[in-house]
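Structure first, commentary second.
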Amino acid sequence: MALLTHLLACAFGMGSWVAINGLWVELPLLVRVLPEQWDLPSYITIIIQMANVGPLFVTLMYRFRPGLLKEVIVIYVVVSVGVVASLLLAFLWNYTSAIAGKTYSTAFLILTFFLALVDCTSSVTFLPFMMQLQPQYLTTFFIGEGFSGLIPALIALGQGAGISICTNITREVNVTIGNETMETTISEMVTDYLPANFSTLVFFLLMTVMMLACLLAFFFLARQPKVWELSQQHLFPSNIILSSFEQISDEGAGLHQSRGCPCPKNAKGPGDIPEEKVYSLAKLTFIYLLIAWVSALTNGVLPSVQSYSCLPYGNTAYHLATTLSSMANPLACMVSMILPGRSLALLGTLTMAGTGFGAYNMAVAVMSPCPILQQSQWGDVTIVLSWVLFTGTLSYVKVMAGVILRSRSHSALVWYGAAEQLGSLLGALVMFPLVNVYDFFTSADYCSLQCPA
(Lines of atoms letter the chains of each structure in order from A and count residues from 1; the text may use other names and numbers.)
(Lines give C-alpha, C1' and ligand atoms only; values in the text may rest on other atoms or scores of the structure.)
Protein backbone atom coordinates (compact mmCIF):
# COMPACT_ATOMS: atom_id res chain seq x y z
CA MET A 1 0.00 0.00 0.00
CA ALA A 2 2.83 2.39 0.87
CA LEU A 3 4.58 1.70 -2.45
CA LEU A 4 1.35 2.33 -4.35
CA THR A 5 0.87 5.64 -2.53
CA HIS A 6 4.44 6.65 -3.40
CA LEU A 7 3.72 5.91 -7.08
CA LEU A 8 0.49 7.91 -6.94
CA ALA A 9 2.25 10.87 -5.26
CA CYS A 10 4.96 10.74 -7.95
CA ALA A 11 2.39 10.69 -10.77
CA PHE A 12 0.48 13.52 -9.10
CA GLY A 13 3.62 15.66 -8.84
CA MET A 14 4.55 14.83 -12.43
CA GLY A 15 1.45 16.64 -13.66
CA SER A 16 2.40 19.91 -11.96
CA TRP A 17 4.55 21.39 -14.76
CA VAL A 18 4.59 18.71 -17.46
CA ALA A 19 2.46 20.71 -19.94
CA ILE A 20 4.63 23.85 -20.03
CA ASN A 21 7.86 21.85 -19.88
CA GLY A 22 6.55 19.93 -22.90
CA LEU A 23 6.05 23.16 -24.83
CA TRP A 24 9.61 24.32 -24.15
CA VAL A 25 11.28 21.11 -25.33
CA GLU A 26 9.07 21.00 -28.45
CA LEU A 27 9.99 24.55 -29.48
CA PRO A 28 12.61 23.53 -32.11
CA LEU A 29 9.81 21.90 -34.11
CA LEU A 30 7.10 24.47 -33.34
CA VAL A 31 9.10 27.48 -34.49
CA ARG A 32 9.59 25.98 -37.95
CA VAL A 33 5.82 25.80 -38.50
CA LEU A 34 4.13 28.54 -36.48
CA PRO A 35 4.15 32.09 -37.90
CA GLU A 36 5.79 33.62 -34.79
CA GLN A 37 8.94 31.56 -35.47
CA TRP A 38 11.70 32.33 -32.92
CA ASP A 39 9.57 35.09 -31.35
CA LEU A 40 7.42 32.25 -29.98
CA PRO A 41 9.47 31.81 -26.75
CA SER A 42 8.84 35.44 -25.79
CA TYR A 43 5.11 34.97 -26.38
CA ILE A 44 5.11 31.87 -24.17
CA THR A 45 7.01 33.74 -21.44
CA ILE A 46 4.47 36.57 -21.38
CA ILE A 47 1.54 34.12 -21.39
CA ILE A 48 2.99 32.22 -18.42
CA GLN A 49 3.27 35.45 -16.43
CA MET A 50 -0.34 36.35 -17.34
CA ALA A 51 -1.38 32.95 -16.00
CA ASN A 52 -0.10 33.93 -12.54
CA VAL A 53 -3.59 35.38 -11.98
CA GLY A 54 -4.48 31.79 -11.01
CA PRO A 55 -2.13 31.39 -8.01
CA LEU A 56 -2.71 35.04 -7.07
CA PHE A 57 -6.47 34.43 -6.85
CA VAL A 58 -6.06 31.21 -4.85
CA THR A 59 -3.56 32.79 -2.44
CA LEU A 60 -5.80 35.81 -1.82
CA MET A 61 -8.77 33.53 -1.21
CA TYR A 62 -6.77 31.50 1.31
CA ARG A 63 -5.78 34.73 3.05
CA PHE A 64 -9.03 36.72 3.10
CA ARG A 65 -11.74 34.05 2.71
CA PRO A 66 -10.27 30.92 4.31
CA GLY A 67 -12.37 27.82 3.94
CA LEU A 68 -14.37 29.14 1.00
CA LEU A 69 -12.30 27.37 -1.67
CA LYS A 70 -12.52 23.61 -1.47
CA GLU A 71 -9.01 22.44 -2.24
CA VAL A 72 -9.96 19.06 -3.69
CA ILE A 73 -12.54 20.61 -6.04
CA VAL A 74 -10.05 23.25 -7.19
CA ILE A 75 -7.47 20.58 -8.03
CA TYR A 76 -10.02 18.48 -9.90
CA VAL A 77 -11.00 21.52 -11.99
CA VAL A 78 -7.39 22.59 -12.61
CA VAL A 79 -6.13 19.15 -13.70
CA SER A 80 -9.24 18.50 -15.82
CA VAL A 81 -8.62 21.79 -17.65
CA GLY A 82 -5.05 20.61 -18.24
CA VAL A 83 -6.20 17.32 -19.74
CA VAL A 84 -8.71 19.00 -22.08
CA ALA A 85 -6.27 21.77 -23.13
CA SER A 86 -3.50 19.24 -23.87
CA LEU A 87 -5.87 17.14 -25.97
CA LEU A 88 -7.10 20.16 -27.94
CA LEU A 89 -3.52 21.35 -28.44
CA ALA A 90 -2.61 18.05 -30.09
CA PHE A 91 -5.11 18.71 -32.89
CA LEU A 92 -5.22 22.54 -33.06
CA TRP A 93 -1.61 23.59 -32.37
CA ASN A 94 -0.96 24.69 -35.98
CA TYR A 95 -4.29 26.50 -36.49
CA THR A 96 -3.68 30.16 -37.44
CA SER A 97 -5.80 33.25 -38.00
CA ALA A 98 -5.21 36.78 -39.27
CA ILE A 99 -5.37 39.66 -36.77
CA ALA A 100 -4.74 43.24 -37.91
CA GLY A 101 -3.13 42.01 -41.10
CA LYS A 102 -0.71 39.62 -39.37
CA THR A 103 -0.94 35.87 -38.98
CA TYR A 104 -0.92 34.43 -35.46
CA SER A 105 -1.14 30.90 -34.07
CA THR A 106 -4.23 31.84 -32.04
CA ALA A 107 -5.23 28.33 -30.99
CA PHE A 108 -1.73 27.55 -29.74
CA LEU A 109 -1.44 30.80 -27.77
CA ILE A 110 -4.91 30.51 -26.18
CA LEU A 111 -4.41 26.88 -25.18
CA THR A 112 -0.93 27.72 -23.87
CA PHE A 113 -2.56 30.22 -21.50
CA PHE A 114 -4.84 27.52 -20.07
CA LEU A 115 -1.92 25.11 -19.69
CA ALA A 116 0.11 27.81 -17.95
CA LEU A 117 -2.88 28.58 -15.71
CA VAL A 118 -2.97 24.92 -14.69
CA ASP A 119 0.75 24.68 -13.98
CA CYS A 120 1.05 28.00 -12.15
CA THR A 121 -1.99 27.27 -9.98
CA SER A 122 -0.59 23.84 -9.10
CA SER A 123 2.14 25.59 -7.07
CA VAL A 124 -0.41 26.82 -4.50
CA THR A 125 -2.81 23.86 -4.56
CA PHE A 126 -0.85 20.62 -5.04
CA LEU A 127 1.63 21.19 -2.19
CA PRO A 128 -1.00 22.17 0.41
CA PHE A 129 -3.00 19.08 -0.54
CA MET A 130 0.03 16.90 0.26
CA MET A 131 -0.41 18.09 3.85
CA GLN A 132 -3.21 15.54 4.12
CA LEU A 133 -0.87 12.60 3.48
CA GLN A 134 1.90 11.06 5.54
CA PRO A 135 5.00 13.31 5.51
CA GLN A 136 7.25 10.83 3.69
CA TYR A 137 5.16 11.24 0.53
CA LEU A 138 6.10 14.91 0.15
CA THR A 139 9.60 14.09 -1.13
CA THR A 140 8.08 11.60 -3.57
CA PHE A 141 5.86 14.42 -4.81
CA PHE A 142 8.96 16.54 -5.47
CA ILE A 143 10.53 13.63 -7.36
CA GLY A 144 7.44 13.53 -9.57
CA GLU A 145 7.71 17.28 -10.06
CA GLY A 146 11.26 16.72 -11.29
CA PHE A 147 10.02 14.04 -13.70
CA SER A 148 7.66 16.66 -15.17
CA GLY A 149 10.75 18.17 -16.78
CA LEU A 150 12.73 15.00 -17.38
CA ILE A 151 10.13 12.87 -19.17
CA PRO A 152 9.16 15.50 -21.81
CA ALA A 153 12.89 16.11 -22.40
CA LEU A 154 13.50 12.39 -22.97
CA ILE A 155 10.47 12.13 -25.27
CA ALA A 156 11.69 15.14 -27.26
CA LEU A 157 15.15 13.58 -27.43
CA GLY A 158 13.65 10.37 -28.83
CA GLN A 159 11.57 12.45 -31.22
CA GLY A 160 14.71 14.18 -32.48
CA ALA A 161 13.37 17.68 -31.81
CA GLY A 162 15.95 20.23 -32.87
CA ILE A 163 18.63 17.71 -33.90
CA SER A 164 20.70 19.23 -36.67
CA ILE A 165 23.84 18.56 -38.67
CA CYS A 166 26.28 20.86 -40.43
CA THR A 167 25.99 20.59 -44.22
CA ASN A 168 28.44 21.99 -46.73
CA ILE A 169 26.59 23.66 -49.62
CA THR A 170 27.87 25.41 -52.72
CA ARG A 171 26.15 28.17 -54.62
CA GLU A 172 26.97 30.46 -57.50
CA VAL A 173 27.18 34.23 -57.00
CA ASN A 174 27.92 37.13 -59.34
CA VAL A 175 31.06 39.10 -58.51
CA THR A 176 31.73 42.47 -60.13
CA ILE A 177 35.36 43.54 -60.56
CA GLY A 178 35.68 46.92 -62.20
CA ASN A 179 33.41 46.83 -65.27
CA GLU A 180 33.45 43.06 -65.50
CA THR A 181 30.90 40.74 -63.87
CA MET A 182 31.75 37.10 -63.47
CA GLU A 183 30.23 34.06 -61.83
CA THR A 184 32.02 32.27 -59.03
CA THR A 185 31.19 29.36 -56.79
CA ILE A 186 31.41 29.61 -53.01
CA SER A 187 30.88 26.98 -50.34
CA GLU A 188 29.61 27.46 -46.80
CA MET A 189 28.46 25.44 -43.81
CA VAL A 190 24.79 25.71 -42.90
CA THR A 191 22.61 24.12 -40.23
CA ASP A 192 20.34 21.39 -41.57
CA TYR A 193 17.60 20.14 -39.21
CA LEU A 194 16.84 16.43 -39.38
CA PRO A 195 13.20 15.26 -39.72
CA ALA A 196 11.49 14.25 -36.47
CA ASN A 197 10.98 10.58 -35.66
CA PHE A 198 7.31 11.20 -34.82
CA SER A 199 4.94 14.13 -35.22
CA THR A 200 4.03 16.98 -32.89
CA LEU A 201 0.52 15.48 -32.70
CA VAL A 202 1.92 12.31 -31.10
CA PHE A 203 4.05 14.37 -28.71
CA PHE A 204 1.09 16.39 -27.40
CA LEU A 205 -1.01 13.23 -27.11
CA LEU A 206 1.71 11.79 -24.87
CA MET A 207 1.53 14.97 -22.75
CA THR A 208 -2.24 14.44 -22.53
CA VAL A 209 -1.68 10.90 -21.25
CA MET A 210 0.64 12.26 -18.54
CA MET A 211 -1.95 14.84 -17.47
CA LEU A 212 -4.59 12.11 -17.39
CA ALA A 213 -2.28 10.00 -15.20
CA CYS A 214 -2.01 12.98 -12.83
CA LEU A 215 -5.80 13.24 -12.66
CA LEU A 216 -6.23 9.53 -11.93
CA ALA A 217 -3.46 9.64 -9.30
CA PHE A 218 -5.19 12.52 -7.55
CA PHE A 219 -8.51 10.66 -7.66
CA PHE A 220 -7.00 7.84 -5.59
CA LEU A 221 -4.87 10.10 -3.36
CA ALA A 222 -7.95 12.12 -2.39
CA ARG A 223 -9.37 8.89 -0.96
CA GLN A 224 -6.35 8.20 1.24
CA PRO A 225 -6.80 8.59 5.02
CA LYS A 226 -6.13 12.19 6.04
CA VAL A 227 -3.32 12.83 8.49
CA TRP A 228 -3.77 15.98 10.56
CA GLU A 229 -1.97 14.93 13.75
CA LEU A 230 1.70 14.43 12.96
CA SER A 231 3.30 14.31 16.42
CA GLN A 232 6.60 12.39 16.27
CA GLN A 233 6.12 11.34 12.62
CA HIS A 234 9.25 10.35 10.70
CA LEU A 235 9.71 12.24 7.46
CA PHE A 236 12.75 10.25 6.33
CA PRO A 237 14.25 6.91 7.35
CA SER A 238 16.54 8.76 9.79
CA ASN A 239 16.48 10.34 13.21
CA ILE A 240 14.99 13.63 11.99
CA ILE A 241 11.43 14.42 13.03
CA LEU A 242 8.92 17.11 12.34
CA SER A 243 7.46 19.71 14.66
CA SER A 244 4.27 18.27 16.10
CA PHE A 245 0.97 19.97 15.59
CA GLU A 246 -2.61 19.12 16.33
CA GLN A 247 -5.98 19.92 14.89
CA ILE A 248 -7.27 23.32 16.07
CA SER A 249 -8.19 26.57 14.36
CA ASP A 250 -5.72 27.95 11.79
CA GLU A 251 -7.10 30.60 9.44
CA GLY A 252 -10.45 28.89 9.28
CA ALA A 253 -8.94 25.65 8.05
CA GLY A 254 -9.25 23.98 11.43
CA LEU A 255 -5.52 23.70 12.04
CA HIS A 256 -3.32 24.90 14.86
CA GLN A 257 0.35 24.33 15.27
CA SER A 258 1.67 22.99 18.53
CA ARG A 259 5.26 24.17 18.83
CA GLY A 260 7.13 21.44 20.62
CA CYS A 261 6.45 18.03 22.02
CA PRO A 262 3.57 17.66 24.48
CA CYS A 263 5.59 15.20 26.50
CA PRO A 264 8.01 16.25 29.29
CA LYS A 265 11.33 17.74 28.26
CA ASN A 266 13.30 14.83 29.60
CA ALA A 267 11.21 12.27 27.74
CA LYS A 268 12.78 10.56 24.78
CA GLY A 269 11.02 9.46 21.61
CA PRO A 270 11.62 6.29 19.69
CA GLY A 271 15.30 5.62 19.41
CA ASP A 272 16.17 8.61 21.63
CA ILE A 273 15.20 11.15 18.98
CA PRO A 274 16.33 14.70 19.82
CA GLU A 275 13.85 17.52 20.08
CA GLU A 276 12.97 19.16 16.77
CA LYS A 277 13.77 22.77 15.99
CA VAL A 278 11.30 25.61 16.26
CA TYR A 279 11.95 28.21 13.56
CA SER A 280 11.70 31.88 14.44
CA LEU A 281 10.05 34.48 12.21
CA ALA A 282 13.48 35.63 10.96
CA LYS A 283 14.43 32.08 9.99
CA LEU A 284 11.10 31.50 8.26
CA THR A 285 11.57 34.75 6.34
CA PHE A 286 15.02 33.49 5.31
CA ILE A 287 13.48 30.23 4.07
CA TYR A 288 10.87 32.05 1.97
CA LEU A 289 13.54 34.35 0.53
CA LEU A 290 15.59 31.27 -0.41
CA ILE A 291 12.55 29.79 -2.17
CA ALA A 292 11.90 33.00 -4.10
CA TRP A 293 15.58 33.39 -5.07
CA VAL A 294 16.01 29.77 -6.13
CA SER A 295 12.76 29.85 -8.12
CA ALA A 296 13.80 33.09 -9.84
CA LEU A 297 17.04 31.47 -10.98
CA THR A 298 15.69 28.03 -11.93
CA ASN A 299 12.36 29.09 -13.47
CA GLY A 300 12.94 32.61 -14.78
CA VAL A 301 16.51 33.82 -15.20
CA LEU A 302 18.67 30.92 -16.35
CA PRO A 303 16.18 29.05 -18.61
CA SER A 304 15.97 32.22 -20.72
CA VAL A 305 19.67 31.97 -21.61
CA GLN A 306 20.29 28.21 -21.73
CA SER A 307 20.44 28.12 -25.53
CA TYR A 308 22.84 31.11 -25.57
CA SER A 309 25.18 29.42 -23.10
CA CYS A 310 25.14 25.93 -24.66
CA LEU A 311 24.73 26.25 -28.44
CA PRO A 312 28.18 27.84 -28.99
CA TYR A 313 29.61 24.47 -27.92
CA GLY A 314 27.45 22.54 -30.38
CA ASN A 315 24.15 20.73 -30.57
CA THR A 316 25.38 17.74 -28.58
CA ALA A 317 26.41 19.92 -25.64
CA TYR A 318 23.06 21.71 -25.73
CA HIS A 319 21.00 18.51 -25.66
CA LEU A 320 23.21 16.93 -22.98
CA ALA A 321 22.87 20.04 -20.82
CA THR A 322 19.08 20.17 -21.13
CA THR A 323 18.55 16.43 -20.64
CA LEU A 324 21.06 15.82 -17.84
CA SER A 325 19.99 18.93 -15.94
CA SER A 326 16.41 17.65 -16.16
CA MET A 327 17.64 14.36 -14.69
CA ALA A 328 19.45 16.23 -11.90
CA ASN A 329 16.14 17.51 -10.54
CA PRO A 330 14.53 14.17 -9.55
CA LEU A 331 17.96 12.82 -8.59
CA ALA A 332 18.38 15.67 -6.10
CA CYS A 333 14.96 14.81 -4.65
CA MET A 334 16.07 11.19 -4.18
CA VAL A 335 19.27 12.34 -2.49
CA SER A 336 17.19 14.41 -0.08
CA MET A 337 15.42 11.21 1.02
CA ILE A 338 18.73 9.48 1.78
CA LEU A 339 20.72 12.49 3.05
CA PRO A 340 18.24 15.02 4.39
CA GLY A 341 19.69 18.30 5.64
CA ARG A 342 17.44 20.72 7.51
CA SER A 343 20.28 23.03 8.55
CA LEU A 344 19.66 26.56 7.28
CA ALA A 345 23.42 27.11 7.10
CA LEU A 346 23.71 24.11 4.75
CA LEU A 347 20.80 25.31 2.61
CA GLY A 348 22.31 28.80 2.43
CA THR A 349 25.70 27.36 1.41
CA LEU A 350 24.13 25.19 -1.29
CA THR A 351 22.17 28.19 -2.55
CA MET A 352 25.39 30.20 -2.89
CA ALA A 353 27.06 27.27 -4.68
CA GLY A 354 24.12 26.90 -7.07
CA THR A 355 24.11 30.64 -7.66
CA GLY A 356 27.81 30.41 -8.53
CA PHE A 357 27.14 27.74 -11.16
CA GLY A 358 24.30 29.89 -12.48
CA ALA A 359 26.62 32.91 -12.65
CA TYR A 360 29.05 30.89 -14.80
CA ASN A 361 26.21 29.86 -17.13
CA MET A 362 25.10 33.48 -17.38
CA ALA A 363 28.64 34.70 -18.10
CA VAL A 364 29.01 32.16 -20.91
CA ALA A 365 25.65 33.28 -22.35
CA VAL A 366 26.81 36.91 -22.30
CA MET A 367 29.98 35.94 -24.20
CA SER A 368 27.98 34.06 -26.87
CA PRO A 369 28.66 33.30 -29.71
CA CYS A 370 32.35 33.06 -28.75
CA PRO A 371 32.60 32.07 -25.06
CA ILE A 372 35.66 30.78 -23.24
CA LEU A 373 36.90 27.29 -24.16
CA GLN A 374 34.64 27.37 -27.23
CA GLN A 375 37.10 25.36 -29.32
CA SER A 376 38.04 22.94 -26.55
CA GLN A 377 36.37 19.76 -25.35
CA TRP A 378 36.81 21.08 -21.81
CA GLY A 379 34.35 23.83 -22.70
CA ASP A 380 31.68 21.24 -23.58
CA VAL A 381 32.30 19.28 -20.37
CA THR A 382 32.35 22.40 -18.19
CA ILE A 383 29.11 23.91 -19.47
CA VAL A 384 27.20 20.60 -19.21
CA LEU A 385 28.55 19.94 -15.71
CA SER A 386 27.77 23.49 -14.63
CA TRP A 387 24.13 23.19 -15.72
CA VAL A 388 23.75 19.81 -13.98
CA LEU A 389 25.22 21.09 -10.70
CA PHE A 390 23.20 24.31 -10.91
CA THR A 391 19.94 22.38 -11.23
CA GLY A 392 20.87 19.68 -8.72
CA THR A 393 21.98 21.90 -5.84
CA LEU A 394 19.08 24.33 -6.10
CA SER A 395 16.54 21.50 -6.51
CA TYR A 396 17.82 20.02 -3.24
CA VAL A 397 17.35 23.40 -1.54
CA LYS A 398 13.75 23.67 -2.77
CA VAL A 399 12.88 20.17 -1.58
CA MET A 400 14.34 20.67 1.90
CA ALA A 401 12.65 24.06 2.22
CA GLY A 402 9.36 22.35 1.42
CA VAL A 403 10.11 19.64 4.00
CA ILE A 404 10.73 22.26 6.70
CA LEU A 405 7.52 24.14 5.91
CA ARG A 406 5.61 20.84 5.69
CA SER A 407 6.32 20.42 9.39
CA ARG A 408 4.58 23.67 10.25
CA SER A 409 1.12 24.04 8.76
CA HIS A 410 -1.10 23.91 5.69
CA SER A 411 -0.82 27.67 5.11
CA ALA A 412 2.99 27.46 5.20
CA LEU A 413 2.91 25.34 2.03
CA VAL A 414 0.45 27.75 0.40
CA TRP A 415 2.94 30.56 0.94
CA TYR A 416 5.72 28.27 -0.31
CA GLY A 417 3.87 28.10 -3.64
CA ALA A 418 3.25 31.85 -3.60
CA ALA A 419 6.96 32.58 -2.99
CA GLU A 420 7.89 30.15 -5.75
CA GLN A 421 5.58 31.85 -8.27
CA LEU A 422 6.67 35.34 -7.18
CA GLY A 423 10.32 34.46 -7.67
CA SER A 424 9.61 32.91 -11.07
CA LEU A 425 7.63 35.99 -12.11
CA LEU A 426 10.36 38.44 -11.08
CA GLY A 427 13.04 36.36 -12.80
CA ALA A 428 11.08 36.25 -16.06
CA LEU A 429 10.26 39.98 -15.93
CA VAL A 430 13.94 40.83 -15.50
CA MET A 431 15.09 38.63 -18.37
CA PHE A 432 12.34 39.32 -20.92
CA PRO A 433 13.48 42.85 -21.89
CA LEU A 434 17.15 41.81 -21.85
CA VAL A 435 16.53 38.93 -24.26
CA ASN A 436 13.67 40.16 -26.44
CA VAL A 437 13.80 43.96 -26.34
CA TYR A 438 17.41 45.03 -25.92
CA ASP A 439 18.93 41.95 -27.63
CA PHE A 440 21.54 41.71 -24.89
CA PHE A 441 22.41 38.15 -25.92
CA THR A 442 23.61 36.96 -29.33
CA SER A 443 22.55 33.56 -30.64
CA ALA A 444 25.13 31.20 -32.09
CA ASP A 445 24.94 29.07 -35.21
CA TYR A 446 27.55 26.43 -34.45
CA CYS A 447 27.96 25.50 -38.12
CA SER A 448 28.91 29.02 -39.23
CA LEU A 449 30.80 30.32 -36.20
CA GLN A 450 33.86 32.42 -36.94
CA CYS A 451 35.56 32.89 -33.58
CA PRO A 452 39.25 33.76 -33.06
CA ALA A 453 41.40 30.78 -32.17
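Quick note: to get our numbering, add 51 to the position in the sequence shown (first position is 1).
Idealized CB from N, CA, C, for every residue including glycine.
Small disclaimer: the values here were computed from a predicted structure and weren't measured.
- Here residue 121 carries a coil assignment [DSSP, helix/strand/coil].
- Per DSSP, the beta-bridge partners of residue 242 are 217.
- When C-alpha distances from residue 336 are compared across 360, 456, 233, the shortest belongs to 456.
- Per the DSSP secondary-structure output, residue 225 pairs in a beta bridge with 234.
- Listed as beta-bridge partners of residue 369 by DSSP are no residues whatsoever.
- Between the alpha carbons of residue 199 and residue 244 lies a distance of about 26 Å.
- By the neighbour-count definition (other C-beta atoms within 10 Å, threshold 16), residue 225 is an exposed residue.
- Burial state of residue 149 is exposed, judged by a 10 Å Cβ sphere holding fewer than 16 other Cβ atoms.
- Between residue 126 and residue 173, the alpha-carbon positions lie close to 8 Å from each other.
- Sequence-distant partners of residue 383 (beyond 5 residues in either direction) whose C-beta falls short of 6 Å from its own C-beta, in its chain, are 443, 446, 447.
- In the displayed model, residue 250 falls within coil according to three-state DSSP, outside both helix and strand.
- Nearest Cα to residue 349 within the set 400, 394, 232, 439: 439.
- Remark: C-beta atoms of residue 409 and residue 341 do not approach each other more closely than 8 Å.
- Between the beta-carbon of residue 60 and that of residue 192 there is about 5 Å, and that keeps the pair under the 8 Å contact cut.
- Counting the other Cβ atoms within 10 Å of the Cβ of residue 90 gives fewer than 16, which makes it exposed.
- Here DSSP, grouped into helix, strand and coil, assigns residue 137 to helix.
- Between residue 102 and residue 167 the beta-carbon gap is near 4 Å, inside 8 Å, which marks them as a contact.
- Put simply, the stretch 127-138 touches the stretch 264-279. At least three CB pairs are less than 8 Å apart.
- Take the alpha-carbon of residue 80 and the one of residue 417: they are about 26 Å apart.
- For residue 156, the secondary structure class from DSSP, reduced to helix, strand or coil, is coil.
- Each residue's CA atom was taken as its position, placing residue 498 and residue 362 some 10 Å apart.
- Counting along the chain, no alpha helix (DSSP H) covers residue 423, and no H or E run does either.
- Rounded to whole angstroms, the separation of the alpha carbons of residue 194 and residue 380 is 8 Å.
- Taking a 10 Å sphere around the C-beta of residue 262, we find 16 or more other C-beta atoms and assign the residue as buried.
- Assignment of residue 149 by DSSP, reduced to helix, strand and coil, places it in the strand class.
- Residue 87 sits in coil when the DSSP states are folded into three classes, being neither helix nor strand.
- Exclusion of the five residues before and after residue 358 leaves 369, 494 as the residues of its chain whose Cβ lies within less than 8 Å of its Cβ.
- For residue 391, no alpha helix (DSSP H) segment is defined, and its DSSP state is neither H nor E.
- Residue environment analysis places residue 255 among the buried positions, since at least 16 neighbouring C-beta atoms fall within 10 angstroms of its C-beta.
- For residue 185, the secondary structure class from DSSP, reduced to helix, strand or coil, is coil.
- Residue range 357-361 is occupied by the alpha helix (DSSP H) that includes residue 360.
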